[in-house]
Amino acid sequence: MSRLKVGIIGSGLAGLSCGYTLAKSGIEFQIFEASERIGGRVMTYHHPTGETVELGAGYFHDHYRIMLSLVQELGLQSQIVPRKYCRVGFIKDGKALALREIGIDHPLFISIANLKHAATEYCQKINRLLAVYSENNKSFAETISEDPYLLEAHQTPFIVSELYRSLAPEIQEIFVKPFLRKQLSSEPENISLMTATAALGASAFNLQSFQGGISLLTETLYTNIKDRVALNQPITKVHQDKKQWVLFSSNQEYVCDVVVSAIPGIALNNLFNYQSSIAYGYTNVFVIEGEKHLHYQGCDILFSQEENHKILGMSRYGERLFKVESFHHQPDFAEVFQTYKILQQQSWQYAIPQLPTNKIYPSDVLAENFYLVGDHWLPCMEMAITTGIKAAKKIISS
Numbered sequence: 001m002s003r004l005k006v007g008i009i010g011s012g013l014a015g016l017s018c019g020y021t022l023a024k025s026g027i028e029f030q031i032f033e034a035s036e037r038i039g040g041r042v043m044t045y046h047h048p049t050g051e052t053v054e055l056g057a058g059y060f061h062d063h064y065r066i067m068l069s070l071v072q073e074l075g076l077q078s079q080i081v082p083r084k085y086c087r088v089g090f091i092k093d094g095k096a097l098a099l100r101e102i103g104i105d106h107p108l109f110i111s112i113a114n115l116k117h118a119a120t121e122y123c124q125k126i127n128r129l130l131a132v133y134s135e136n137n138k139s140f141a142e143t144i145s146e147d148p149y150l151l152e153a154h155q156t157p158f159i160v161s162e163l164y165r166s167l168a169p170e171i172q173e174i175f176v177k178p179f180l181r182k183q184l185s186s187e188p189e190n191i192s193l194m195t196a197t198a199a200l201g202a203s204a205f206n207l208q209s210f211q212g213g214i215s216l217l218t219e220t221l222y223t224n225i226k227d228r229v230a231l232n233q234p235i236t237k238v239h240q241d242k243k244q245w246v247l248f249s250s251n252q253e254y255v256c257d258v259v260v261s262a263i264p265g266i267a268l269n270n271l272f273n274y275q276s277s278i279a280y281g282y283t284n285v286f287v288i289e290g291e292k293h294l295h296y297q298g299c300d301i302l303f304s305q306e307e308n309h310k311i312l313g314m315s316r317y318g319e320r321l322f323k324v325e326s327f328h329h330q331p332d333f334a335e336v337f338q339t340y341k342i343l344q345q346q347s348w349q350y351a352i353p354q355l356p357t358n359k360i361y362p363s364d365v366l367a368e369n370f371y372l373v374g375d376h377w378l379p380c381m382e383m384a385i386t387t388g389i390k391a392a393k394k395i396i397s398s
């Protein structure tokens with residue numbers, strides 16, 4: 001019997017976690033990374049001041065059970081530190097920019113590194129502003145207790161409450177704008193700042209990081225499987241040959257029994273020639289009878305008309321599709337499905353989120369020996385690590 005071989009595309013947290021778990025069981029694998037570095041969205045920049053600036057994922061929570069178990073296994077628990085400093089991001093021409101999109105050589109980035117070095121003073125001034133605000137607004141304390149998720153979201157920090165929107169101009173005027181003017185000797189053209197801080201005292205989420213930055217985790221995983229990670233090796237095509245897969249890179253073809261894709265969905269799209277309808281969601285696809293073109297794109301479902309006038313509906317909530325009450329501005333899906341008869345329910349293994357133009361892949365394309373891992377539908381390190389480890393365990397047990 002031939003030995004099982006696994007090809008992993010991408011060396012972010014999901015890919016590295018998957019490879020690390022496979023290595024412990026002696027499974028042969030190879031990780032292909034398109035860039036010259038590992039880590040994916042995890043990237044820590046070390047500033048000459050001694051400060052670290054996270055260009056991607058910047059924190060984790062103390063309830064990340066799977067991640068913390070891995071951290072303990074790697075012996076990194078002593079490196080965990082509270083994350084209490086400010087984050088600053090940018091909006092340019094109406095578009096939010098992550099720090100990694102600005103580039104470490106850009107004067108704005110250099111300013112942010114210095115700004116973070118002065119974070120203590122910055123946070124103190126914010127807290128003084130909030131104290132003044134709370135004296136004149138009794139609802140402030142209630143707001144902060146009811147909605148602790150006021151401070152940050154996803155990879156680019158932004159202000160998500162009316163309170164912070166009202167305070168943002170004052171915060172910028174008293175500290176951020178003067179600081180940047182001093183750093184740049186001019187007003188940043190077409191760029192405004194988004195500011196957020198985790199320095200309000202008690203946090204419902206207990207944000208945490210590592211001494212030296214989040215990259216400590218990816219670097220530690222990498223050192224354990226370094227000889228099985230190929231950098232600067234973008235996969236250009238994925239082809240299924242009978243029961244095996246062939247991964248094509250710039251200078252080799254890697255034949256394997258199982259593929260684990262740990263790259264963003266928009267990148268995976270380019271590796272297949274499979275054509276399908278527009279859809280958005282995750283768990284089940286329903287083919288519905290009817291000629292009416294119902295097109296709705298929300299956080300739960302999208303209906304898209306095909307050439308045969310049937311409607312595809314996809315939901316990431318599966319059986320809970322019929323009753324959606326927890327989200328605002330959602331239609332009554334039960335009424336939709338009473339109107340249109342469900343002709344068949346198909347099992348689709350995965351749908352690429354984020355963009356309405358992304359393709360979806362049915363189970364005959366993504367078979368049992370093709371796994372998709374990462375944080376595509378819930379952007380956090382816990383999801384990336386969990387999906388990577390679970391895929392590895394399924395491969396080991398198969």
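Under the UniProt record's numbering, the first residue of the sequence shown carries the number 1, and numbering increases by one thereafter.
Glycine included, each C-beta is placed from N, C-alpha and C at the ideal position.
Everything numeric in this text was worked out from a predicted model, so none of it was measured.
Residue i vs residue j beta-carbon contact at 8 Å
| i | j | result |
| --- | --- | --- |
| leucine 76 | isoleucine 385 | no |
| alanine 391 | valine 238 | no |
| glutamine 30 | tyrosine 254 | yes |
| phenylalanine 32 | isoleucine 235 | yes |
| phenylalanine 210 | isoleucine 8 | no |
| isoleucine 38 | threonine 218 | yes |
| glycine 213 | glutamate 54 | yes |
For residue i, the residue or residues it bridges with in DSSP
| i | result |
| --- | --- |
| tyrosine 254 | Leu247 |
| glutamine 77 | Paired residue(s): none; glutamine 77 is not in a bridge. |
| leucine 372 | Ser261 |
| alanine 230 | Phe32 |
| aspartate 62 | Per DSSP, none; premise fails for aspartate 62. |
| glutamine 240 | Trp245 |
| valine 6 | Phe29 and Val258 |
Alpha-carbon spacing of residue i relative to residue j, whole angstroms
| i | j | result |
| --- | --- | --- |
| isoleucine 389 | tyrosine 20 | 8 Å |
| methionine 224 | aspartate 241 | According to the sequence shown, residue 224 is asparagine rather than methionine. Using only the alpha carbons, I get a separation of about 31 Å. |
| valine 229 | methionine 381 | 20 Å |
| aspartate 257 | glutamate 28 | 10 Å |
| asparagine 369 | glutamine 244 | 9 Å |
| lysine 394 | serine 215 | 27 Å |
| methionine 43 | glycine 58 | 9 Å |
| tyrosine 222 | leucine 271 | 25 Å |
| leucine 22 | leucine 4 | 11 Å |
| valine 6 | serine 398 | 12 Å |
| tyrosine 45 | glutamate 36 | 15 Å |
| residue 405 | aspartate 227 | Nothing in the structure corresponds to residue 405, since the chain is present only between 1 and 398. |
| leucine 231 | alanine 34 | 6 Å |
| asparagine 251 | serine 69 | 38 Å |
Own chain partners of residue i with C-beta closer than 6 Å, once the 5 adjacent residues on each side are dropped
| i | result |
| --- | --- |
| glutamine 233 | Phe32 and Ser249 |
| valine 246 | His239, Glu253 and Val255 |
| serine 25 | Ile396 |
| tyrosine 64 | Glu382 |
| glycine 40 | Gly12 |
Own chain, CB closer than 8 Å to residue i, minus 5 neighbours either side, in chain order
| i | result |
| --- | --- |
| isoleucine 66 | Glu382, Ile385, Thr386 and Ile389 |
| valine 71 | Gln77, Ile80 and Leu217 |
7 Å CB neighbourhood of residue i in its chain, flanking five on each side removed
| i | result |
| --- | --- |
| alanine 262 | Ile8, Ile9, Gly10, Gly12, Ala14, Gly15, Cys18, Val373, Gly374 and Gly388 |
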